[in-house]
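Colleague: Chains as they are written, first to last, in this note's numbering: chain R, 1 to 239; chain U, 240 to 478.
Pasting a structure here, questions to come.
2 protein chains.
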Amino acid sequence: MPPIKVKMLDSGSAPEGGEIASVGAPKGRAKLRGKPLTRIQREKQDVILEAALDVFSEKGFLGATIDQIAEAAGMSKPNLLYYFPRKEEIYKRLMTSMLDIWLAPLRELDSVGDPVPELRSYIRRKLEMSRDFPRQSRLFAGEMLQGGPRIVDVLEGDLKALVDEKAKVLERWMDEGKLRRTDPYHLIFSIWATTQHYADFDVQVRAVLGRDRGGEGRFEDAARFLETLFMHGVLTKPS
Amino acid sequence: MPPIKVKMLDSGSAPEGGEIASVGAPKGRAKLRGKPLTRIQREKQDVILEAALDVFSEKGFLGATIDQIAEAAGMSKPNLLYYFPRKEEIYKRLMTSMLDIWLAPLRELDSVGDPVPELRSYIRRKLEMSRDFPRQSRLFAGEMLQGGPRIVDVLEGDLKALVDEKAKVLERWMDEGKLRRTDPYHLIFSIWATTQHYADFDVQVRAVLGRDRGGEGRFEDAARFLETLFMHGVLTKPS
DNA sequence: TAACGTTTTTTCCAACTGGTCAAATTTCTG
DNA sequence: CAGAAATTTGACCAGTTGGAAAAAACGTTA
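This is the structure we're talking about:
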């Protein structure tokens, strides 16, 4: 199973020179397009992406400003613009590189394994991602909230394909009587929803749990609860 | 059980005149503060709030502009500003009036009823809210994503109180052996997460389910799945 | 060290932002 | 209908926004 190719709409404005080669210098002002990146370029891009993740995840794409990102990255706005000529470019880079690791747990849901430990560990790993990469989760959630204009292609393409594949795995388990027969798509949705909730709605979770239970231990509590929920539901008398 | 008083930080910049009465005209330019609203005022405010809900839920607080709201409401920016002197005022009004109906299903979770139908209907009603008021759900989710700066007070106040109360109900049911013993708070979180997911991540859900299964029927599918999940979990062999 | 490519800074801009204000218009009330 | 109150408009403003241009500073290597 090849790693999902998380290709965005396109990785930059169409390559210089259309059908009829436009004479003269490239119009897109493609400053660092000649591929091999220098050390400094790699380093600075990383710094920028890290800063951008902070700002974008907190303010959303529209709410974030280049100035804020530049300041968080410790450089001037024109300097940042030297590495990423447009705001959207940073955002897209962030989104692609993020989706890749974000979907890793699902990709590893193994069809040859046993349903119980497989599902159990999938849920746990998803929850760990919420704990360890909350900014990425919020970035993605923000994009979804806005209707995913910069990412729909991936959703309908690679993501759907991956989910289709894993849904089949779940269905087979159901056929074999190892899992209760339910809708595999909604099962996946519910795992996503419950785990990501702890990153995306962190404020609410903390506020409701209060100072005593809202600390780091809340992830262990959540893990325990979700395991019970998904394995047995909340009823005492099983049907 | 009195209806939650969903009071925001405060319902307008502090009433004119501080401790030491500031002489002269009110500085806050309190145009329509003398309470009894005219017919036009009520109508226009409704139109504005409706338009603002569209724009805010789509772009977030920061991403939305007064101009966009004004255009969606079919009036000029200064005219809109005549009814709501600041952008944040619209947002807060929206949030308060929304939270009220948003929490209604939880409020109605009845301690005297039987756990099974009570929980079942709570889940269904929450899911219905996601279907019928997706913009409100997204508005709230967006606020959460940004750390809820304009709403933390409510979360830590009335919301926490309500959840505390209902958690006790759940706990009693567990004591009586009517519910499996688990964490009631995380149970509530998981119901919120799974149901609101269908509003907040609508694009993703549609994209993954595809054209055939992404239609209106998806809510019935979700309802069936969630009922099974919460009641029995996904295992065939109950422990 | 001279020349060259890379990186950074300074300056600038046009469009947009939230919001004000006074004047003009409409609606309501007697 | 007159007059007052409520509503709407057009002009305006200071600050911010994403981004462009060019020049300056820097680093590297012959």
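The C-beta atom is built at its ideal place from N, Cα and C for all residues, glycine as well.
No experiment lies behind these values; they were computed from the predicted model shown.
Show which residues of chain R have a CB atom less than 7 Å away from the CB atom of Phe440/U.
Modeller: Within chain R, the residues near Phe440/U are Met144.
Colleague: With respect to 7 Å, is the separation between the Cβ of Glu220/R and the closest non-hydrogen atom of the ligand SAH below this value?
Modeller: As for the ligand SAH, it is missing from this structure, which has no ligand bound.
Colleague: For the candidate residues Val154/R, Lys87/R, Gly113/R, whose alpha-carbon lies nearest to that of Met256/R?
Modeller: Nothing about residue 256/R can be reported from this structure: the residues present for chain R run from 1 to 239 only.
Colleague: Ser429/U and Arg377/U: beta carbons closer than 8 Å?
Modeller: Cβ atoms of Ser429/U and Arg377/U: not closer than 8 Å.
Colleague: Measuring CB to CB, does Phe458/U end up less than 8 Å from Leu366/U?
Modeller: In contact: Phe458/U and Leu366/U (Cβ atoms closer than 8 Å).
Colleague: What does Asp132/R reach in chain U if we use C-beta pairs closer than 7 Å?
Modeller: The contacting residues do not exist; Asp132/R stays about 18 Å from chain U at best.
Colleague: Does any residue of chain U bring its CB to less than 8 Å from the CB of Gln68/R?
Modeller: Not an interface residue.
Colleague: Which class does Leu62/R belong to by DSSP, given the choice of helix, strand or coil?
Modeller: Helix.
Colleague: Closer than 8 Å, CB to CB, is Ile243/U near chain R or not?
Modeller: Residue confidence for Ile243/U is low, a pLDDT of 40 falling below 50, so the modelled location carries little weight and cannot support an answer.
Colleague: Considering only residues of the region 313 to 376 of chain U, which uninterrupted alpha helix (DSSP H) runs meet the minimum length of 4 residues and lie entirely inside it, listed in chain order?
Modeller: Listed in chain order, they are 316 to 322, 326 to 341, 343 to 346, 354 to 371.
Colleague: Tell me where the alpha helix (DSSP H) around Arg452/U begins and ends.
Modeller: Element bounds for Arg452/U: 441 to 452.
Colleague: For a contact defined as C-beta to C-beta under 8 Å, what are the partners of Met470/U on chain R?
Modeller: Result: Gly233, Val234, Leu235, Ser239.
Colleague: Tell me the rounded alpha-carbon separation between Ala400/U and Val208/R.
Modeller: The alpha-carbon atoms of Ala400/U and Val208/R are separated by roughly 8 Å.
Colleague: Can we say the region 413 to 433 of chain U touches the region 223 to 239 of chain R, given the rule of at least three CB pairs closer than 8 Å?
Modeller: Enough Cβ pairs lie closer than 8 Å, so yes.
Colleague: Tell me the DSSP secondary structure of Leu401/U in three-state form.
Modeller: Of the three classes helix, strand and coil, the one that applies to Leu401/U here is helix, per DSSP.
Colleague: For Ala343/U, return the contacting residues in chain R, with the cut-off set at a CB-CB distance below 9 Å.
Modeller: Under the 9 Å cutoff, chain R gives no residues; its nearest Cβ is about 17 Å from Ala343/U.
Colleague: Compare the C-beta of Thr96/R against all C-beta atoms of chain U and say whether one is closer than 8 Å.
Modeller: Judged by the 8 Å Cβ criterion, Thr96/R is not in contact with chain U.
Colleague: Check the C-beta distance from Val203/R over to Gly313/U and give it rounded, since I have them as a contact under 8 Å.
Modeller: The Cβ separation is near 35 Å, so there is no contact.
Colleague: If I follow the unbroken alpha helix (DSSP H) through Glu220/R, where does it start and stop?
Modeller: It spans 218 to 232 - the alpha helix (DSSP H) in which Glu220/R sits, taken as one unbroken run.
Colleague: Can you find a CB in chain U that lies within less than 8 Å of the CB of Leu209/R?
Modeller: So yes, Leu209/R belongs to the interface.
Colleague: I need the DSSP call for Leu53/R, collapsed to helix, strand or coil.
Modeller: Here Leu53/R sits in helix by DSSP.
Colleague: Whole angstroms is fine: what's the gap from Phe140/R's alpha carbon to Pro354/U's?
Modeller: Between Phe140/R and Pro354/U, the C-alpha separation is close to 35 Å.
Colleague: Beta-carbon within less than 7 Å of Arg359/U's beta-carbon, same chain only, minus the 5 sequence neighbours each way: which residues are those?
Modeller: Glu466, listed in sequence order.
Colleague: Taking the alpha-carbon positions, what's the Arg172/R to Val112/R distance?
Modeller: Near 11 Å, if we compare the C-alpha coordinates of Val112/R and Arg172/R.
Colleague: At the 8 Å Cβ level, is Tyr424/U part of the contact set with chain R, yes or no?
Modeller: Answer yes: the Cβ-Cβ gap between Tyr424/U and chain R drops below 8 Å somewhere.
Colleague: Under 8 Å between C-beta atoms, does Ser429/U make it to chain R?
Modeller: Judged by the 8 Å Cβ criterion, Ser429/U is in contact with chain R.
Colleague: How many angstroms separate the CA atom of Phe323/U from the CA atom of Gln284/U?
Modeller: Between Phe323/U and Gln284/U, the C-alpha separation is close to 8 Å.
Colleague: Give the straight-line distance between the Cα atoms of Gly210/R and Asp451/U, rounded to the nearest whole angstrom.
Modeller: Their backbone Cα atoms lie some 43 Å apart in a straight line.
Colleague: By the three-class DSSP mapping on this structure, what secondary structure does Leu37/R have?
Modeller: Coil.
Colleague: Across which residues does DSSP place Leu241/R in a beta bridge pair?
Modeller: Nothing about residue 241/R can be read from this structure; chain R reaches only from 1 to 239.
Colleague: Does the CB of Leu226/R have a neighbour CB from chain U at under 8 Å?
Modeller: Yes - at least one Cβ of chain U is within 8 Å of the one on Leu226/R.
Colleague: Rank Met174/R, Glu165/R, Gly157/R, Arg125/R by C-alpha distance to the C-alpha of Gln196/R and give the top, closest one.
Modeller: Gln196/R has its Cα closest to that of Arg125/R, out of Met174/R, Glu165/R, Gly157/R, Arg125/R.
Colleague: Quick check: what's the CA-CA separation for Arg206/R versus Ala303/U?
Modeller: Taking the straight line joining both Cα atoms gives about 27 Å.
Colleague: If we ignore side chains and look at the alpha-carbon of each, how far apart do Val286/U and Arg278/U end up?
Modeller: In a straight line, the C-alpha of Val286/U is about 12 Å away from that of Arg278/U.
Colleague: Straight-line CA distance for Gly214/R to Arg135/R?
Modeller: Rounded to the nearest angstrom, the two C-alpha atoms are 18 Å apart.
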